[in-house]
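Okay, structure first, notes after.
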Amino acid sequence: MEVETEQGETGKSVMCVLTDPEGTTLGGTMYLPQNVGPIQLQQIVNTLLKNEEKLPYAFYISNQELLVPLGNYLEKNKVSMEKTLSIVYQPQAVFRIRPVNRCSATIAGHTEAVLSVAFSPDGRQLASGSGDTTVRLWDLNTQTPMFTCTGHKNWVLCIAWSPDGKHLVSGSKSGELQCWDPQTGKPAGNPLTGHKKWITGISWEPVHLNAPCRRFVSASKDGDARIWDISLKKCVICLSGHTLAVTCVKWGGDGVIYTGSQDCTIKVWETSQGKLIRELKGHGHWVNSLALSTEYILRTGAFDHTGKQYSSPEEMKKVALERYNKMKGNAPERLVSGSDDFTMFLWEPAVSKHHKVRMTGHQQLVNHVYFSPDGQWVASASFDKSVKLWNGTTGEFVAAFRGHVGPVYQISWSADSRLLLSGSKDSTLKVTPRNFISFAPFLAFKDN
Amino acid sequence: PQGDYIELHRKRHGYRHDFFEKKRKKEARQVHERSAKAQKALGIKGKMIAKKNYAEKALMKKTLAMHEESSTRRKVDDEVQDGAIPAYLMDRENTTRAKVLSNTIKQKRKEKAGKWEVPIPKLFDFLSFDLQVRPVAEDEMFKVIRSGKRKTKQWKRMVTKCTFVGPGFTRKPPKYERFIRPSGLRFTKAHVTHPELKCTFNLDIIEVKKNPNGPMYTSLGVMTKGTIIEVNVSELGLVTPAGKVVWGKDPLTIQA
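One line per chain: the protein sequences are A and B, in this order.
In terms of UniProt numbering, the first sequence has 105 at position 105, counting the first letter as 1, and numbering is strictly consecutive.
In terms of UniProt numbering, the second sequence has 144 at position 144, counting the first letter as 1, and numbering is strictly consecutive.
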């Protein structure tokens, strides 16, 4: 395939080398004319990688995105032409999510505040847990309620779908977990008791490790995390070790469980016997939130934007494993933890028990950290009213978004990693396109 | 007691033979004497004693209730409470800045005002919001200032109520000034009480919007009962339903 290049007027060219996010170079150094822009660079990358379909890429020079032809960029930043310019390319999602402009529907039903929401992994159903002790399932096509699941005795704090979409588990303030059948809305058995205080988080075992999905782990304020088996309907292992409440729990793609706690440590557990593998120390105050680089893949399992349905668990497992390996690449899984001590740490738990990068910059506690679905970026929401964007592999600070006037509570990425949504105590939600710092504030919801 | 001669005497010679009994009986009598004093005291003194006794009674009731609570073993609270919060907000006290501000202000006020606190009945009942705005008479609002060499000219007036003039205000030349607004009665901040949050903030005044007594008073910036003023609420971090940040609000002056 011929690479199209345009001849510049004076023929001024720059010496560049294309590198991928991990650092390996693609092709050798080449002379590129100055009016080469991102589109031409995309063609070059596609050819060098011998991609059959043209995939979109984004290009970065020293962490800043390249949007204009090389010549303009060089002039603006006064980069010397003697050194080889290294351009990092990153694959982008093939599909593009439209930014939402207005609230498409307000579905009434809950009589108290809605405390947790979760989309099913195939994106067809929505479940929400609320302070009125019910879990409600909603139909997204007609925007009406489908089922109301009663059975909890107190506020429903957490809710999680199994990655194969067949089970829904919710945890409440009284420490009980209840499983529901999402097709009928009926409880699937008695509530699972064992925890003595409220549930702070639920995470399922990834489908590529075990299909059909059977096990999930729940974290509670009483300091333990318990692994439950949904077919046996009992707790199989209890992971105790934390001295204070466990604030966050995630089941990693390698088959280990990460728990972050108020006792300032993160413990890594092995899942067959419940033994502690590692303890990640370093934070000075409560660990509020954990995020894994492969989180999106683990949560959605085998489903992706094509909307394909799978019939057998083995097929799902195979497809999920493929997706997981593709996402992970050669690098070990990365973990980011956000804490009350205003900093975040980037860890590679499989490699070492010391943190890789310490991400400072927030002026108040970090409430929520979230990796983008493609694992390239990390966003952090803090009580200092700002949302900060960091590089997902190196942990370098990229940008800060300061639009909110109240503490920012939660963030979420769009599935193509292009849009970042942040929700704050000032009752507004702000959508930010990842590329530039200006953003469109919109939509205020009263009471969450 | 200055010096240690009492202690030394006690160590050398011991106590009187009836010392401890007298002490015990005197203390036992204190209860009755205290009660007699409280019942017989008249006037302001009686009121102060009553207030002190009531405070002690309330405190005692609270400590008793506290002790009673801990003796019975109660299981997990089964009632579903209001004000549901998500898991990441549990364990956080989350007092808003508003509460913190008002708390510190109230603390300061308590420390200062404790000395001068006297149980005098309040003249105005804030709960019954019958804000009857009676018109303020001119001789109540203005004081006549005599001027001139023989102090016979009486065309100047001085305002006797609080006013707001705004930054960048310069007086007219004194020779031509009919209305004098004394700087001692000029205010830049107002105590604004949020009716729902039930806390009071000290906010900057932006301007006086309307004085019910007439446009002349509005233009002078006089603030009497029933005046509508605009204050700067940007530090509260309020947001309109449209998502814009609110920076000015119009409270009603109840007490000037």
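Quick reminder that beta carbons are idealized off the backbone N, C-alpha and C, glycines included.
In this text the structure is predicted, and so the values were computed from the model without any measurement.
Check                                                                                                                         : Outcome
Whole-angstrom C-beta distance between V159/B and V222/B, which should lie under 8 Å                                          : 6 Å
Closer than 9 Å to chain A by CB, V136/B                                                                                      : no
Cutoff 9 Å: F439/A Cβ touching any chain B Cβ                                                                                 : Residue placement at F439/A is poorly supported in this model, since its pLDDT is 40, which falls under 50; the coordinates still yield a value, given next. With 9 Å as the cut-off, F439/A does not count as an interface residue toward chain B.
Where S183/B sits in the DSSP three-state scheme                                                                              : helix
Host beta strand (DSSP E) of V387/A (start-end)                                                                               : V387 to N391
Local conformation of P215/B per DSSP, three classes                                                                          : helix
K153/B in three-state terms, based on DSSP                                                                                    : strand
Assigned secondary structure, D82/B (DSSP; H/G/I helix, E/B strand, else coil)                                                : coil
Start-end ranges of the beta strand (DSSP E) lying completely within the region 140 to 182 of chain A, minimum 3 residues     : 144 to 149, 156 to 161, 168 to 172 and 177 to 180
C-alpha gap between K209/B and S219/B, whole angstroms                                                                        : 9 Å
Proximity test, Cβ basis, 9 Å: L220/B and chain C                                                                             : Although the question refers to chain C, the structure presented lacks it and instead comprises the protein chains A and B.
Nonlocal neighbours in the same chain, by C-beta distance under 6 Å from E207/B, ignoring five residues either side           : E230
Residue range of the beta strand (DSSP E) that includes I6/B                                                                  : I6/B -> not in any beta strand (DSSP E); alpha helix (DSSP H) instead, spanning Y5 to H13.
Inter-residue spacing [alpha-carbon to alpha-carbon] between L209/A and L32/A                                                 : 46 Å
For E65/A, the three-state DSSP class (helix, strand or coil)                                                                 : strand
Interface residues of the region 106 to 125 of chain A facing chain B [CB-CB below 7 Å]                                       : E112, A113, L115 and S116
CB-CB length for V249/A against G201/A, believed under 8 Å                                                                    : 5 Å
Interface flag, K50/A vs chain B, CB-CB below 9 Å                                                                             : no
Nearest-angstrom Cα separation, counted from A320/A out to H167/A                                                             : 17 Å
Among D254/A, P349/A and N330/A, the one whose alpha carbon lies nearest that of I266/A                                       : P349/A
Run of the beta strand (DSSP E) containing Y370/A, from where it starts to where it stops                                     : V366 to F371
Outcome for S422/A when other beta-carbon atoms lying within 10 angstroms are tallied against a minimum of 16                 : buried
Runs of beta strand (DSSP E) lying entirely within the region 255 to 326 of chain A, each at least 3 residues, in chain order : 256 to 261, 266 to 270, 276 to 280 and 287 to 292
Segments of 4+ residues assigned as alpha helix (DSSP H) that fall wholly inside the region 218 to 245 of chain A             : none
Test: V80/B CB closer than 9 Å to a CB of chain A                                                                             : yes
Three-state secondary structure (DSSP) of F20/B                                                                               : helix
Chain-ordered chain A contacts of D4/B [CB-CB under 9 Å]                                                                      : Per Cβ cutoff of 9 Å: no residues; D4/B is ~51 Å from chain A at best.
Contact list for M90/B against chain A, beta-carbon separation under 7 Å                                                      : W198
Local Cβ density within 10 Å of I120/B, reported as buried at 16 or more and exposed below that                               : Any reading at I120/B must be qualified, since the residue scores a pLDDT of 41, below 50, and its modelled position is unreliable; the value itself is stated next. Flag for I120/B reads exposed.
Separation of D426/A from N202/B, as counted between CA atoms                                                                 : 21 Å
Below-9 Å beta-carbon distance, residue 276/B vs any chain A residue                                                          : Residue 276/B is absent from the model: chain B starts at 1 and stops at 256.
Contact with chain B by H362/A, beta-carbon distance below 9 Å                                                                : no
N288/A: contacting residues in chain B (beta-carbon distance under 7 Å)                                                       : Y88
Own chain partners of V45/A with C-beta closer than 6 Å, once the 5 adjacent residues on each side are dropped                : Y57 and Y89
Residues that A245/A contacts on chain B, provided the C-beta gap is smaller than 8 Å                                         : D91
Residues that DSSP places opposite D204/B in a beta bridge                                                                    : K189/B
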